[in-house]
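Report on the following structure.
Number of protein chains: 2
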Amino acid sequence: MNIGTAARQSGLPAKTIRYYEDIGLLKADRAANGYRDYSKDDVHRLRFVQRARSLGFSVEECRQLLSLYSDRQRASADVKAIAAEKLGQIERKIVDLTELRDLLAHLVNNCHGDARPECPIIDGLSGRTMGQ
Amino acid sequence: MNIGTAARQSGLPAKTIRYYEDIGLLKADRAANGYRDYSKDDVHRLRFVQRARSLGFSVEECRQLLSLYSDRQRASADVKAIAAEKLGQIERKIVDLTELRDLLAHLVNNCHGDARPECPIIDGLSGRTMGQ
DNA sequence: CCTTGCGCTTCCAGTCGCAGGAACCCTTAT
DNA sequence: ATAAGGGTTCCTGCGACTGGAAGCGCAAGG
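If you read the protein sequences in the order shown, they are chains F and A.
Start counting the first sequence at 1; every next residue gets the next number (my numbering).
Start counting the second sequence at 1; every next residue gets the next number (my numbering).
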């Protein structure tokens, strides 16, 4: 199967698939004409990576997950450790963003938003109404 | 004041301050010896940018905010529009991350995490237990 | 006077995860 | 024969820095 078909079936752009091959994440066979040739199994791995990426795993983490994916002898604890770490990161990010949102929402709500130059948002950013 | 002092007072690494000058965000005077020379006002602007960046504004948005910051005749509506747009982006990001977290938490919670090879996380990523 | 050491300067390369585009080859249909 | 629509490689650029090399400025100590 050519790269275009693999791209459609995996949900990854062909460009991205070539990039993954470039960095040694997934290698493909080559047909006689030099075209990359993907098996069903290759497509499974591509979808696996697509899913993991969309779940916020970095490419390096995907590399680890892929090797665990292919390892019939893996311990689920190994996988769980990676996923739990990532989960923690995501939760921290949510907390940070929520604080950010509250702060910004406060500024926006206190800005009358008219033609006058007084602006609580600017004041907030310049430190006149916010802590240091 | 030298860049190191400005860095300490603004909370930005010197490297970043030079970078900002490089992209034309903030320019500094030069002392006779070629060193950058920062005024208190410069430091205020640097802190302003530092705050705005930490609130999730892009450097380009900071550029807009800076010009509004320096403009005594600005309308608060202009600032509010930028901030409100950014607020929307942040809220969307929180929603996305929350979905992500729930999905990942579900996988992690269903993984026994022992030495056996069966792993719901891998299965989930490979599509065996998740929708397509 | 000389050295040491820190801070400053510039410039170049690398990061992450691709996307865009050029220049070219392969295959199929008309 | 030609055109369209694949595929290939390689190079560049994005955003927002960060690290490092090579070289100056300057104050203090021996």
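The C-beta atom is built at its ideal place from N, Cα and C for all residues, glycine as well.
### Nearest to residue 50 of chain A (by Cα), restricted to the options A/125, A/6 and A/122
A/6
### Partner residues on chain A for residue 16 of chain F, Cβ-Cβ distance less than 7 angstroms
Going along chain A, no residue has its Cβ under 7 angstroms from residue 16 of chain F, so there is no contact; the nearest lies around 17 angstroms.
### Query
Based on the DSSP output, what are the partners of residue 37 of chain A in its beta bridges?
BP columns for residue 37 of chain A point to A/29.
#### Entry: CB contact below 8 angstroms: residue 106 of chain A versus chain F
no
### Task
Taking residue 175 of chain A and residue 107 of chain A to be in contact with their CB atoms under 8 angstroms, please state how far apart those CB atoms are, rounded to whole angstroms.
The structure shown does not extend to residue 175 of chain A, since chain A is modelled only from 1 through 132, so no value can be given for it.
### Message
Between the alpha carbons of residue 64 of chain F and residue 48 of chain F, how many angstroms are there, rounded?
### Response
12 angstroms
### Query
Counting Cβ pairs, one atom from each stretch, are 3 or more of them under 8 angstroms apart for the stretch 110 to 120 of chain A and the stretch 63 to 78 of chain F?
Three or more Cβ pairs drawn from the stretch 110 to 120 of chain A and the stretch 63 to 78 of chain F lie within less than 8 angstroms of each other, which places the two stretches in contact.
### Task
Can you tell me the Cβ-Cβ gap for residue 126 of chain F and residue 19 of chain A, rounded? I've got them flagged as a contact below 8 angstroms.
Going by Cβ atoms, the distance from residue 126 of chain F to residue 19 of chain A rounds to 22 angstroms, so no, they are not a contact pair.
### Query
When we look at the beta-carbon of residue 17 of chain F and count the other beta-carbons within 10 Å, is it buried (16 or more) or exposed?
buried
### Query
Which of the three DSSP states, helix, strand or coil, is assigned to residue 73 of chain A?
coil
### Message
Would residue 37 of chain A and residue 30 of chain A be called neighbours here (beta carbons separated by less than 8 angstroms)?
### Response
yes
### Task
Kindly indicate which residue of F/8, F/59, F/111 and F/40 has the alpha-carbon position closest to the one of residue 21 of chain F.
F/59
### Task
Can you tell me which of F/8, F/61 and F/56 puts its alpha carbon nearest to the alpha carbon of residue 40 of chain F?
F/8
#### Entry: Residue-level contact to chain F via CB, residue 27 of chain A, 8 angstroms cutoff
no
### Message
Any beta carbon of chain A sitting closer than 8 angstroms to that of residue 87 of chain F?
### Response
Chain A has a Cβ within less than 8 angstroms of the Cβ of residue 87 of chain F.
### Task
For my contact list, residue 87 of chain A and residue 104 of chain F are in at a C-beta cut-off of 8 angstroms; report their separation, rounded to the angstrom.
About 5 angstroms separates the two Cβ atoms, so the contact holds.
### Coil, strand or helix - residue 109 of chain A by DSSP
helix
### Query
Hey, does residue 40 of chain A have any beta-carbon neighbour from chain F nearer than 8 angstroms?
no
### Closer than 8 angstroms at the beta carbon, the chain F residues around residue 69 of chain A
122, 125 and 126
### Query
Within the 8 angstroms Cβ cut-off, does residue 72 of chain F reach chain A?
yes
### Query
Could you check where the alpha helix (DSSP H) with residue 4 of chain A kicks off and where it finishes?
3 to 10
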